[in-house]
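> Numbers in the working numbering are just positions in the sequence shown, counted from 1, shifted up by 42. For each residue, glycine too, the CB sits at the ideal point set by N, CA and C.
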Amino acid sequence: PKLAVDAIAANTYVDALARGGALGDARDLLEAMRKGETPGLPRPDAVSYAVVARALSAAQHPAAARACLDVFDWALDDALMAPAIAKATILACTSLNDNAASPFDFGLRARPDVAAAKRVLDALDGELPPAAVTKLRLFAHQTLTRFDTETWKGTAYDDRRLPAAFRKPSATDKIFRNKGWNEVESGFKLI
């Protein structure tokens, strides 16, 4: 109780929890740091928020995505918003996609992933420089439309289980990371 932890040590511990798959514990520790009720814990900085946001985003799970949106709101409230936090939150929004949509709704029903990403982007106006917000809007557009294509459906992104640690890249991830979307033939299908 007489020892104090600095922000670097706290961020290292939060990162270790996140990398070890203890996403709930990492979020809870960040919340305790934010509330300031625990003596000896420092206040979180932008790095603290970014570490937890990235870990929750990597989980590719709707519950983790909702927790990531909470972390985003906390960073806004504490005026510690950074592009890394926003980018991780936009990635987390893709886990909110409702794959059970009817084939006959013709896109007229509001998609929860798009609505969440729009809320994130609208909240960034005035919080980040306009050039950074423009880049994030382009990133959100590319990220959300990528999940609409036939090639991406039925891959690891449909698996909604919360992993014990970071999700391993699927074969699809590796192909498109190495080659890029435009370099892959349009008739290419994954089995």
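Closest to residue 111 by CA distance: which of 131, 100, 97, 102 is it?
131
> Scan the stretch 51-89 and note each continuous alpha helix (DSSP H) run of 4 residues or more that stays entirely inside, going in chain order.
65-77
> Suppose you measure from the CA of residue 134 to the CA of residue 107; what does that come to, to the nearest Å?
5 Å
> What separation, rounded to the nearest whole angstrom, lies between the Cα atoms of residue 154 and residue 186?
11 Å
> Quick check on residue 133: does DSSP put it in helix, strand or coil?
Here residue 133 carries a helix assignment [DSSP, helix/strand/coil].
> If you draw a straight line from the C-alpha of residue 173 to the C-alpha of residue 60, how long is it?
30 Å
> Over what stretch of residues does the alpha helix (DSSP H) that includes residue 48 continue unbroken?
It is not in any alpha helix (DSSP H) - residue 48 carries neither H nor E in the DSSP assignment.
> Assuming contact is defined by CB atoms lying nearer than 8 Å, are residue 182 and residue 124 in contact in what I supplied?
no
> Verify whether the separation of the beta carbon atoms of residue 121 and residue 84 is less than 8 Å.
no
> Thinking just about the alpha-carbon of each residue, which of 162, 63, 77, 104 is nearest to the one in residue 94?
63
> Check residue 119 in the structure and name its three-state DSSP category.
Looking at residue 119 - three-state DSSP - the assignment turns out to be helix.
> Using DSSP bridges, identify the partner residues of residue 167.
170
> Taking the alpha carbon of residue 99 as the point to measure from, which residue in 73, 67, 138, 86 has its own alpha carbon closest?
138
> Could you tell me the distance, in whole angstroms, from the CA atom of residue 51 to the CA atom of residue 70?
The straight-line gap from Cα to Cα measures roughly 16 Å.
> What's the C-alpha gap between residue 158 and residue 58?
28 Å
> Could you tell me the distance, in whole angstroms, from the CA atom of residue 92 to the CA atom of residue 76?
14 Å
> With H, G and I counted as helix, E and B as strand and the rest as coil, what does DSSP make of residue 103?
coil
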